[in-house]
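Read the structure below first, then the notes.
Protein chains: 2
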Amino acid sequence: MGRWEPNARERLERAALALFAEHGYDATTVAEIADRAGLTKSTFFRHFADKREVLFGGQDMLVKLFTDAIRSASPSATTASCLAAALEASAAAFTAERHDLAEQRRAVIGANPELRERELLKRARLSSAMADALRARGADETTARLAAEVGVLAFSTAYARWATPDNREPFAEIAQAALRDLQARATALGDAART
Amino acid sequence: MGRWEPNARERLERAALALFAEHGYDATTVAEIADRAGLTKSTFFRHFADKREVLFGGQDMLVKLFTDAIRSASPSATTASCLAAALEASAAAFTAERHDLAEQRRAVIGANPELRERELLKRARLSSAMADALRARGADETTARLAAEVGVLAFSTAYARWATPDNREPFAEIAQAALRDLQARATALGDAART
DNA sequence: GACAGTGATGAGACCTAGTCCCATCACTCT
DNA sequence: AGAGTGATGGGACTAGGTCTCATCACTGTC
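Right under this line is the structure:
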């Protein structure tokens, strides 16, 4: 792989995931990642803001899937159905053939506190973007933020189950089930406040 | 301030906050913080796992306030009233005389992405601890996690309002109002799912 | 077909966060 | 007085991350 091979970014991502899975995140240096990709440390940091980011390249697309789904929902749709639509749309990122990579990635992130922290940041961004999209279609501040949190919570639990070694169930079904479950509990939580 | 003055940890926290407020987080080195506290870099890292942690010393106590309140709630109390009790108890950490420091701290954190990321980690830990406490008193998995998220969301919005320059309202009142608001929306969000 | 411009890369100096090890000091107890 | 303990100082070391400049491949133009 010479200096001018295409897809430098993708090569770096693959190299990083492989090395992380093999030796662990901490034991892998950026120089080693770059080396395996046929590049240098300088180039790595041109493509990724820091070492952690190499594992979170797909986040922008995920945010786009969520927010586009909310934006393109019928104006008369409820906030809850917007969440369902967003989760449904996000399933496009979690096809069966990507399952193995996701599983590997998830194992790496789960094994490292630094990466888990970064994952929280990504989820917060996702939540924030969803809240913005909900607000843009008329939801009040509190509803937008609460619904966004619920949506992200549904997504997180669904993703955790989907990216499991033995799982064969499609992401969309897991996600919808998680959302329905949360909505039922949300009602109960609110009702209890009235008593 | 000599080598054996007491309260090394507290001195480091004060020095850090002052320097961060004055020159910014990035422009302040750990060596400078230690120096102002009359200590060295080595000692700093003996008290704090990393540079960010120096701003989050009170988190353990906050978690304890929340979880103790939930644990000591009546067995017949609803999940929602446990949240209210937890927020009420947490107000002990946000008295009027600590307002100025909190305001300064909040400004520093808000100005730095690295610190905001760490704040998310702290909130996630708080949420996780609350969910554990709720589960321990019989709440099912989904309810525990959802309620914990709602509690943390109420806390976050309340804290943001409380630690504002012009605010004079006590934390407890702001927090209860935020919680009530969220609960009302939670009901609506759940109800919408039924239609 | 030589030439200038553009954009991605290589190379290396540099700073600082964070780790590690060992010496040193103050304090305590015997 | 002397041994033990615990916190600190000091300095070497690694690696993440920034910055600058040179280099290379590719493109279009004359």
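First to last, the protein sequences are chains E and H. Oh and the first sequence: position 179 is 179 in my numbering, straight run, nothing missing. Oh and the second sequence: position 95 is 1095 in my numbering, straight run, nothing missing. For every residue, glycine included, the Cβ atom is placed at its ideal position computed from N, Cα and C.
Worksheet entry | For E1032(H), the first and last residue of its enclosing alpha helix (DSSP H) | V1030 to R1036
Worksheet item: Taking only beta-carbon atoms, is L1120(H) less than 9 Å away from chain E?
Response: yes
Worksheet entry | Residues of the region 77 to 107 of chain E with Cβ closer than 9 Å to any Cβ of chain H, in chain order | T78, T79, A80, S81, L83 and A84
Discussion item. For the region 162 to 194 of chain E, list every residue whose C-beta sits within 9 Å of some C-beta in chain H, in sequence order.
Written reply: A178, L179, R180, D181, L182, Q183, A184, R185, A186, T187, A188, L189, G190, D191, A192, A193 and R194
Worksheet item: Sorted by chain position, which residues of the same chain lie with C-beta nearer than 7 Å to L179(E)'s C-beta, five sequence neighbours on each side aside?
Response: L83, A84, L87 and A154
Worksheet entry | Beta-carbon proximity list for M1(E), same chain, < 8 Å, skipping 5 on both sides | For M1(E), the pLDDT reaches just 37, beneath the cut-off of 50, and the residue's location in the model is therefore unreliable, although a value from the coordinates is still provided. Counting only Cβ-Cβ distances below 8 Å, and skipping sequence neighbours, we find R11, A37 and G38.
Item to complete: Could you tell me the distance, in whole angstroms, from the CA atom of S988(H) to the CA atom of R145(E)?
Response: Missing from the structure shown is residue 988(H); chain H here goes from 1001 to 1195 and no further.
Practice prompt. Starting from the C-beta of K41(E), find all residues in its chain whose C-beta is less than 6 Å away, skip the five residues before and the five after it, and write them out in chain order.
Written response: V30, A31 and A34
Item to complete: Spell out whether any CB of chain H is found under 9 Å from the CB atom of A158(E).
Response: no
Discussion item. So L126(E) and V150(E) are supposed to be a Cβ contact under 8 Å. How far apart are they, rounded?
Written reply: About 12 Å; that fails the 8 Å criterion.
Discussion item. Only counting the same chain, and skipping five residues up and downstream in sequence, which positions put a Cβ closer than 6 Å to that of R106(E)?
Written reply: A163
Discussion item. For Y25(E) and G138(E), what's the separation of their Cα atoms in angstroms?
Written reply: 43 Å
Discussion item. Within 8 Å, do at least three Cβ pairs link the region 42 to 49 of chain E to the region 67 to 76 of chain E?
Written reply: no
Worksheet item: Does the separation of the CB atoms of D68(E) and A89(E) fall below 9 Å?
Response: yes
Fill in: Inter-residue Cα distance where the pair is V1152(H) and R1123(H)
7 Å
Discussion item. Between the alpha carbons of G1057(H) and R1161(H), how many angstroms are there, rounded?
Written reply: 21 Å
Worksheet item: Can you name the start and end residues of the alpha helix (DSSP H) that R46(E) belongs to?
Response: K41 to H47
Item to complete: Would you grab the beta carbon distance between A1158(H) and I1174(H) for me? Rounded to a whole angstrom, and I think it's under 8 Å.
Response: 5 Å
Practice prompt. Under the assumption that A1016(H) contacts V1054(H) (Cβ atoms under 8 Å), give the Cβ distance between them as a whole number of angstroms.
Written response: 4 Å
Worksheet item: Which residue from A1136(H), E1117(H) and L1101(H) puts its Cα closest to that of A1021(H)?
Response: L1101(H)
Item to complete: Report the neighbours of R1145(H) on chain E: residues whose CB is nearer than 7 Å to its CB, in chain order.
Response: L153
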